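Using this note's numbering, the letters of the sequence shown map in sequence onto residues 416 to 507.
Just below is one structure, and these are the notes that go with it.
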Amino acid sequence: YNVTSVIPFTYQIILGIDAVYALIAAAFLVQMIRVETESFYRTKAILLLLGWLIIVFAQFLLLSVQLSVITPVISLLGMSMMAFSILRQPPS
Numbered sequence: 416y417n418v419t420s421v422i423p424f425t426y427q428i429i430l431g432i433d434a435v436y437a438l439i440a441a442a443f444l445v446q447m448i449r450v451e452t453e454s455f456y457r458t459k460a461i462l463l464l465l466g467w468l469i470i471v472f473a474q475f476l477l478l479s480v481q482l483s484v485i486t487p488v489i490s491l492l493g494m495s496m497m498a499f500s501i502l503r504q505p506p507s
């Protein structure tokens, strides 16, 4: 074993753990969407879920050297969507 062969494998394991965590969190968001009856909060949860999944997708792009260049842009899109969802005010 040398260090250069272990680092990519270790990174893949860490990314796999992160993916499992993200899928569990997404499952909770999906459950929240299913239970919610008010359309405002349902839309808010859907936007949170989409932003979350976009960020997870951006992390998977780091596995490809060519696609890792666009990872910050895609992550920013997901974070913006989540921020919009969080900052949205209910109708009065």
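Note that the Cβ used here is the ideal one computed from N, Cα and C, for glycine as well.
As the structure is a prediction and not an experimental result, all values here were calculated from the model.
Leu492 and Ala442 have their C-alpha atoms spaced approximately 21 Å apart. Distance from the Cα of Ser495 is smallest, within the candidate group Tyr456, Phe455, Leu462, Gln427, for Leu462.
Residue Phe475 holds the alpha-carbon nearest to the alpha-carbon of Ile489 among Phe475, Tyr456, Phe424.
Rounded to the nearest whole angstrom, the CA to CA distance from Tyr426 to Leu478 is 9 Å.
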